[in-house]
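These protein sequences, in sequence, are chains A and B. Numbering follows UniProt numbering, with no gaps: position 136 of the first sequence is 136. Numbering follows UniProt numbering, with no gaps: position 81 of the second sequence is 81. Cβ atoms here follow ideal geometry from the backbone N, Cα and C, with glycine treated the same way.
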Amino acid sequence: MLGDERAGVHARAPRPQPDDRKTARMSAARPLPPHRTAALSAEDLAGLIACPRCDAVYRAVQPGHGERAVCARCETVLIAPRRRAGQQLIAVALAVVVLVVAATMAPFLAIEAGGRAHASSVLDAALAFATAGPAAFLALAVAALIVFIPVLRALLVIYVLAPIVANRPPAPRAAAAFRLSEDLRPWSMAEIFAIGCAVALVKIADLAQVHFGPAFWMFAALVGLVVVQDGFMCRYSVWKSLER
Amino acid sequence: MEIAGALRTAREMGLVACTRCTRVWPGGTARCGRCGHRLHSREPKALQRVWAWWAVGLIAYLPANLWPMLETRTLVLSQESTIVGGAVDLARHGNWGIALVILVASVAIPVGKFLAIASLALGVRGGSALPRHRRQQLYEVVEYIGRWSMIDVFVVAILASLVQLGAVAQVSPGPASLFFALSVIFTMLSAQAFDSRLIWDEDPAPLAPPLPEGRPA
Numbered sequence: 001m002l003g004d005e006r007a008g009v010h011a012r013a014p015r016p017q018p019d020d021r022k023t024a025r026m027s028a029a030r031p032l033p034p035h036r037t038a039a040l041s042a043e044d045l046a047g048l049i050a051c052p053r054c055d056a057v058y059r060a061v062q063p064g065h066g067e068r069a070v071c072a073r074c075e076t077v078l079i080a081p082r083r084r085a086g087q088q089l090i091a092v093a094l095a096v097v098v099l100v101v102a103a104t105m106a107p108f109l110a111i112e113a114g115g116r117a118h119a120s121s122v123l124d125a126a127l128a129f130a131t132a133g134p135a136a137f138l139a140l141a142v143a144a145l146i147v148f149i150p151v152l153r154a155l156l157v158i159y160v161l162a163p164i165v166a167n168r169p170p171a172p173r174a175a176a177a178f179r180l181s182e183d184l185r186p187w188s189m190a191e192i193f194a195i196g197c198a199v200a201l202v203k204i205a206d207l208a209q210v211h212f213g214p215a216f217w218m219f220a221a222l223v224g225l226v227v228v229q230d231g232f233m234c235r236y237s238v239w240k241s242l243e244r
Numbered sequence: 001m002e003i004a005g006a007l008r009t010a011r012e013m014g015l016v017a018c019t020r021c022t023r024v025w026p027g028g029t030a031r032c033g034r035c036g037h038r039l040h041s042r043e044p045k046a047l048q049r050v051w052a053w054w055a056v057g058l059i060a061y062l063p064a065n066l067w068p069m070l071e072t073r074t075l076v077l078s079q080e081s082t083i084v085g086g087a088v089d090l091a092r093h094g095n096w097g098i099a100l101v102i103l104v105a106s107v108a109i110p111v112g113k114f115l116a117i118a119s120l121a122l123g124v125r126g127g128s129a130l131p132r133h134r135r136q137q138l139y140e141v142v143e144y145i146g147r148w149s150m151i152d153v154f155v156v157a158i159l160a161s162l163v164q165l166g167a168v169a170q171v172s173p174g175p176a177s178l179f180f181a182l183s184v185i186f187t188m189l190s191a192q193a194f195d196s197r198l199i200w201d202e203d204p205a206p207l208a209p210p211l212p213e214g215r216p217a
């Protein structure tokens, strides 16, 4: 009986697409006869995966390293494991912490006009709003978006991934930590601030002489690191390893 | 796509899927046992929340454009400029490129975002001329681009902190910067409230089990 149902959810192995060999399209779980649907056991459910974007259900087939399993309907990437992704992500997270903390102190732009000079750090940028009365809320928001949230996210990723990489049981409350890290993802804007520096520079280039400070290059490096951070992270694999 | 006939959704199977960790649970489960995320087959009141954030975002966007974004004081003049006014000034001085960048980033993208979210939300109720695939892509673009609008607020913060040259030149943030930031945050929340599974629902039937008879098996 149970064996029958398993056969019912069986799906073909993902086959490489001719145009993009790295992408394996998830094959759909074959539909179950209606009366059997309710009888799916707990193990059966554990082997299924649902596309978070369109709700399509598949039999999870682990793709090889460097391959991706994408939803056959909406092409959302479902599983994308990479070799040694854990170590790389921890390294990137450490670099983010160091860069953001260092960049907070150092000046990112320096200006010179009419014999007067001024250099500005990230803290100065956040505090620029603090003097403007009602916009004090903005000072907090800016500091949070470009300093606190990126650092917090990086620390949470280290906390979650370090035990997994070391083949140890997950850290206490690791699931909650990873959940928070995922919630904060859209609100971590250090890389946007870096582009903002470049725009500000262009805007006042006519008005005064402007130089990039060391912190600008740190933020520029952050742009690359954030791309790596988002591209290497296979959320499915992380949740799967937190389950054990 | 080529196997769409065999595709079934968690809702059709009487299951509920976790949108955070993709685990599947029996219908009616309240929380995901793997990641702790609250489970809903479809986010309840998703569209109401989308529209609520959308409206607040639009309300904040008006003063963001009408009030000055930057207050500049130099030796000879003191000047307040709105977003569009600043771009027009730049264009008059021949800086067409930068003027265009500012207009695209602060006007075209926010307005486009409001239109895109509205068309997605309307498309769920009344159907849409766009195929589902295009709407999904539109949603992903809106989600991705939303945070980048914050760049304007950062530029104001950078200029205000940097250009502090005493009597020679001084820049301080105008009230519009606060409203622009709020507008960006509210539209991001509006996009996050949207449940993209609604795009893909074939029929508005909210009931999962039992399956209708006569479905292709």
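Can you tell me which residues form a DSSP beta bridge with residue i?
i	result
PRO26 of chain B	B:LEU15
SER120 of chain A	A:LEU109
LEU70 of chain B	B:SER81, B:PRO173
GLN209 of chain A	A:GLU112
LEU48 of chain A	A:ARG59
ARG31 of chain B	B:ARG38
Grab me the residues of residue i's own chain with a C-beta within less than 7 Å of its C-beta, minus the 5 sequence neighbours each way, in chain order.
i	result
ALA194 of chain A	PHE219, ALA220, LEU222, VAL223
ASP89 of chain B	SER81
SER120 of chain A	PRO107, PHE108, LEU109
ALA215 of chain A	ALA103, ALA106, PRO107, PHE108, SER121, VAL122
ALA136 of chain A	PHE129, ALA130
ALA177 of chain A	LEU156, TYR159, VAL160
CYS197 of chain A	PHE108, LEU109, PHE216, PHE219
ALA160 of chain B	VAL171, SER172, PRO173
Closer than 7 Å by beta-carbon distance: list the chain A residues that pair up with residue i, in chain order.
i	result
MET69 of chain B	By Cβ distance, chain A contributes nothing, its closest Cβ being about 12 Å from MET69 of chain B, past 7 Å.
GLN164 of chain B	HIS118
GLN79 of chain B	Under the 7 Å cutoff, chain A gives no residues; its nearest Cβ is about 12 Å from GLN79 of chain B.
TRP148 of chain B	ILE192
GLN136 of chain B	ARG53, CYS74
ALA181 of chain B	LEU138, ALA141
What is the DSSP secondary structure of residue i, reduced to helix, strand or coil?
i	result
ARG20 of chain B	coil
ARG134 of chain B	helix
LEU7 of chain B	coil
ILE163 of chain B	The question names Ile, yet the displayed sequence has Val at residue 163 of chain B. Three-state result, VAL163 of chain B: coil.
ARG68 of chain A	strand
ARG59 of chain A	strand
VAL77 of chain A	strand
SER41 of chain A	coil
ASP195 of chain B	coil
ASN167 of chain A	coil
LEU189 of chain A	Here residue 189 of chain A is Met; the residue named in the question, Leu, does not match the sequence. Residue state, collapsed to three classes: coil.
PRO204 of chain B	In this prediction, PRO204 of chain B has a pLDDT of 49, which is less than 50 and means its spatial position is unreliable; nothing more can be read from the coordinates.
MET150 of chain B	helix
ASN95 of chain B	coil
GLY127 of chain B	coil
MET188 of chain B	helix
CYS54 of chain A	coil
Ignore the nearest five residues each way along the sequence and tell me which others in residue i's own chain have a CB closer than 8 Å to its CB.
i	result
GLY146 of chain B	LYS113, VAL184, THR187, MET188, ALA191
PRO31 of chain A	Only weak support is given to the placement of PRO31 of chain A: the predicted model assigns it a pLDDT of 45, under 50, and the question is left unresolved by the model.
ILE199 of chain B	LEU120, GLY123, VAL124, ARG132, ARG135, GLN136, TYR139
HIS35 of chain A	Confidence at HIS35 of chain A is low in this model, with a pLDDT of 42, below 50, so its placement is unreliable and the value that follows should be read with caution. If we look at HIS35 of chain A and ignore the five residues flanking it on each side, it has no Cβ neighbours.
Whose C-beta lies closer than 6 Å to the C-beta of residue i among residues of the same chain, with five residues either side of it excluded?
i	result
GLN229 of chain A	VAL92
SER188 of chain A	ILE149, PRO150, ARG153
VAL226 of chain A	GLU191
HIS10 of chain A	Note that HIS10 of chain A scores 32 on pLDDT, short of 50, meaning its location in the model is unreliable; the coordinates nonetheless yield the value given after this. For HIS10 of chain A, where only same-chain residues beyond five positions count, there are no Cβ hits under 6 Å.
LEU201 of chain A	VAL210
LEU47 of chain B	ALA121
ALA169 of chain B	THR74, VAL163
ARG34 of chain B	CYS21, ARG23
ASP44 of chain A	none
LEU182 of chain B	ALA60
Which residues of chain B have a Cβ atom closer than 9 Å to the Cβ of residue i, listed in chain order?
i	result
LEU113 of chain A	According to the sequence as given, residue 113 of chain A is Ala; it is not Leu. Those are VAL163, LEU165, VAL168, ALA169, listed as they occur along chain B.
VAL199 of chain A	ILE98, VAL101, ILE102, ALA105, ILE151, ASP152, PHE154, VAL155, ILE158
VAL57 of chain A	LEU7, ARG8, THR9, ALA10, GLU12, MET13, LEU15, ALA17, VAL24
VAL147 of chain A	Near VAL147 of chain A there are no residues of chain B at all, since even the closest Cβ is about 12 Å away, more than 9 Å.
Whose Cβ in chain A lies nearer than 8 Å to the Cβ of residue i?
i	result
HIS37 of chain B	ARG179
ARG34 of chain B	ALA175, TRP239, LEU242, GLU243
What does residue i touch in chain B if you count any residue whose Cβ is under 8 Å from its own?
i	result
PHE137 of chain A	LEU178
TYR236 of chain A	CYS21, THR22
LEU152 of chain A	Neighbours of LEU152 of chain A on chain B: none; closest Cβ ~17 Å, over 8 Å.
Applying a beta-carbon distance threshold of less than 7 Å, which residues of chain B neighbour residue i?
i	result
ASP124 of chain A	SER161
GLU43 of chain A	Correct list: empty, because the minimum Cβ distance to chain B is about 12 Å.
ILE204 of chain A	LEU159, VAL163
ILE195 of chain A	ILE151
Mind pulling the chain A residues with CB within less than 9 Å of residue i?
i	result
ALA197 of chain B	The residue you asked about is not Ala; residue 197 of chain B is Arg in the sequence shown. Those within 9 Å of ARG197 of chain B in chain A are CYS51, PRO52, ARG53, CYS54, ASP55.
Tell me which residues of the segment 17 to 29 of chain B have at least one Cβ-Cβ distance to chain A shorter than 8 Å, keeping chain order. ALA17, CYS18, THR19, ARG20, CYS21, THR22, ARG23, VAL24, TRP25, PRO26
Can you pull out the residues from the segment 66 to 77 of chain A whose beta carbon lies closer than 7 Å to at least one beta carbon of chain B? ALA72, ARG73, CYS74
Taking a Cβ distance cut-off of 7 Å, strictly less, list which residues of the segment 45 to 70 of chain B are near chain A, in chain order. none
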